[in-house]
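Student:
Protein chains: 2
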Amino acid sequence: MSNVATARSISRTLPDVERTPTLTERRKAATQLEIAKAAAVRFAEHGADQVTAESIAAAAGVSLRTFYRYFRTKEDAVGPLLAVGAVTWQAALAASAPGDPTAVFPELIARVLTPVDDAEREALRWTHGLLRTAADDPALQTVWHRVNHDSETRLRAIIAELAGDGADPFEVRLLAAAATDAIRLGLEQWAAGDEDPDGSAGVPAALAGRAFAQLSSGISLGA
Amino acid sequence: MSNVATARSISRTLPDVERTPTLTERRKAATQLEIAKAAAVRFAEHGADQVTAESIAAAAGVSLRTFYRYFRTKEDAVGPLLAVGAVTWQAALAASAPGDPTAVFPELIARVLTPVDDAEREALRWTHGLLRTAADDPALQTVWHRVNHDSETRLRAIIAELAGDGADPFEVRLLAAAATDAIRLGLEQWAAGDEDPDGSAGVPAALAGRAFAQLSSGISLGA
DNA sequence: GACATGATGACACGTTGTGCCAAACAGGCG
DNA sequence: CGCCTGTTTGGCACAACGTGTCATCATGTC
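Taken in order, these protein sequences are the chains called E and C. For the first sequence, position 48 (counting from the first letter as 1) is numbered 139 according to my numbering, and the numbering increases by one without interruption. For the second sequence, position 118 (counting from the first letter as 1) is numbered 209 according to my numbering, and the numbering increases by one without interruption.
1) Please list, in chain order, the chain C residues whose beta carbon lies closer than 8 Å to that of Gly309 of chain E.
2) Note down, in chain order, each residue of its chain lying with its Cβ closer than 6 Å to the Cβ of Gln280 of chain E, except the 5 sequence neighbours on either side.
3) Nearest to Trp235 of chain C by CA position, among C:Gly284, C:Val142, C:Glu166, is which residue?
4) Below 8 Å between beta carbons is the criterion; list the residues of the segment 252 to 274 of chain E that meet it against any residue of chain C, in chain order.
5) By the three-class DSSP mapping on this structure, what secondary structure does Ile310 of chain C have?
6) For Val175 of chain E, does the count of other Cβ atoms within 10 angstroms reach 16, so buried, or fall short, so exposed?
7) Which same chain residues end up closer than 7 Å to Gly138 of chain C when comparing Cβ atoms and leaving out the 5 residues on each side of it in sequence?
8) Between the segment 291 to 303 of chain E and chain C, which residues of the former have CB atoms less than 7 Å from a CB of the latter, in chain order?
9) Would you identify the three-state DSSP class for Val207 of chain E, choosing helix, strand or coil?
10) For Glu125 of chain E, report the span of its alpha helix (DSSP H) as first-last.
11) Here's the rule: buried if 16 or more other CB atoms are within 10 angstroms of the residue's CB, otherwise exposed. What is Gly170 of chain E?
12) Taking Thr220 of chain E as the reference, give the member of E:Ala149, E:Leu306, E:Glu286, E:Ala148 with the closest Cα.
13) Are the C-beta atoms of Phe162 of chain C and some chain E residue less than 9 Å apart?
14) Following a CB-centred definition, is Gly284 of chain C positioned closer than 8 Å to any heavy atom of the ligand ATP?
15) In or out: Asp241 of chain C buried (at least 16 other Cβ within 10 Å) or exposed?
16) Going by C-alpha distance, which of C:Ser307, C:Ile249, C:Thr113 is nearest Ala273 of chain C?
17) For the alpha helix (DSSP H) containing Arg47 of chain C, list its first residue and its last residue.
18) Figure out for me which residue from C:Ala168, C:Arg163, C:Arg237, C:Thr143 has the closest Cα to the Cα of Ala131 of chain C.
19) Quick check on the DSSP output: the alpha helix (DSSP H) that includes Thr157 of chain E runs from which residue to which?
Here it is in structure tokens:
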């Protein structure tokens with residue numbers, strides 16, 4: 092397998108077929124997460140540009156060179172913690188029935204922002220922390236933007252695929268943006284407050300759901 | 092006057108009061124534009140990360156050190172070319188009557204994307220070129236995202252100010268995002284095609300206007 | 001156990017971005 | 001005019017970033 096940094100986006104590539112990841116792959120994924128968490132706590136503590144790539148690498152127990160094999164830039168290190176949700180819900184969307192997917196979005200959005208176990212609660216807590224740090228850290232905002240842009244781009248391809256050739260490309264663009272923004276704005280508003288830092292009270296899901304309803308109400312994929 | 096790079100965003104700060112800029116200030120603005128254009132043509136030719144900051148500085152006739160006094164990073168150099176429109180239409184919005192500004196958006200959006208003289212046509216041509224370059228250049232995409240994010244952030248403040256204390260903060264957030272996205276998506280779709288590279292046929296204005304109508308139809312600033 | 005494949009670490013190197021100081025410059029004021 | 005003051009600029013040094021390259025080491029296969 093080619094190394095992680097060559098993937099076209101920050102997040103891991105979607106597997107072509109459903110297969111059990113090999114041991115080495117799981118090790119790599121674990122290392123990647125290890126680095127990501129090490130980076131996140133240090134960024135939160137000192138601000139992203141006061142933290143050296145070397146210190147992150149050291150904390151994660153890898154060499155500097157290896158760090159840069161996992162991530163293109165220092166800031167990208169926290170990418171997986173921010174992108175983990177997007178990959179899964181988009182995979183579910185891609186597997187859904189052909190046709191206008193607008194109707195299935197609310198459910199998928201609610202699902203990805205409502206944690207059902209400890210792992211998902213922890214993931215949302217990382218997101219919450221990172222977004223709070225990013226609020227006054229331009230370097231981290233850049234990562235957040237890239238994650239969202241990657242998400243929007245992937246989403247556009249998926250929607251176009253589902254909707255078929257008849258769909259107006261601009262309408263597809265609008266829908267992809269509306270869905271991505273709904274999640275982004277919901278998460279940002281949630282992170283700006285102090286309540287429900289692990290999402291178990293449903294705050295991010297509720298905000299994002301409302302946002303999607305309002306942003307998408309004027310959009311319809313013509314045939 | 093403090094130098095340009097200390098401004099909180101890529102674009103120049105909005106003047107507190109209406110005043111004629113002094114000679115030195117106009118010189119600085121001219122130099123900034125000079126650097127921006129030099130950067131834009133080089134980025135388009137070789138790709139952003141094949142161009143050194145030094146070569147941009149040399150082309151613009153300033154030292155490397157001075158280059159970094161005008162821009163925080165190499166990529167930011169093209170920021171003014173992308174942000175010039177946003178600053179002006181937001182200034183107009185800020186000067187409009189208090190209350191729900193939703194109704195005035197379509198006019199302002201049409202105005203900023205419809206060139207009325209050679210200067211504005213040239214500005215749109217720069218935007219067109221940069222967005223086409225950015226399509227397959229991650230480093231430039233980052234600048235574009237930052238410009239849009241800065242725009243959305245400023246817009247949120249302006250809308251909150253106009254709407255007063257009664258407005259729902261999340262609704263304000265949605266409206267700011269809808270307007271910013273409408274312009275962004277309109278410009279991106281326009282730049283993806285080959286027609287109307289200076290916007291005089293009204294393509295970007297039409298696309299963005301349509302986008303705003305659709306994205307904002309479900310939003311209303313409650314009192 | 002030998003072998004291929006791919007991950008890791010160490011080193012060198014060009015580039016980025018900043019702190020610091022000295023020279024050039026502009027704009028009042030006596 | 002000459003002086004003074006504050007600002008812009010350039011040169012230098014330097015830490016950090018990110019990449020190419022190669023040797024080393026682990027994993028899984030035959």
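Where a beta carbon is used, it is the ideal one built from N, C-alpha and C, also for glycine.
Tutor: The structure says:
1) Ala304, Gln305, Leu306, Ser307, Ser308, Gly309
2) Leu298
3) Each of C:Gly284, C:Val142, C:Glu166 was checked against the Cα of Trp235 of chain C, and the nearest Cα belongs to C:Glu166.
4) Pro260, Phe261, Arg264, Leu265, Ala268, Ala269, Asp272
5) coil
6) A residue is called buried once 16 or more other Cβ atoms fall within 10 Å of its Cβ, and Val175 of chain E is buried on that count.
7) Asp228.
8) Leu298, Ala302
9) Correct three-state label for Val207 of chain E: coil.
10) 114 to 137
11) buried
12) The question names Thr, but residue 220 of chain E is Gly in the sequence shown. Here the closest residue by C-alpha is E:Glu286.
13) At a cut-off of 9 Å between beta-carbon atoms, Phe162 of chain C makes no contact with chain E.
14) Among the components of this structure there are no ligands whatsoever, and the ligand ATP is therefore not found.
15) buried
16) C:Ser307
17) The question about residue 47 of chain C has no answer, for chain C in this structure spans 92 to 314.
18) C:Ala168
19) Run containing Thr157 of chain E: 155 to 161, per the alpha helix (DSSP H) assignment.
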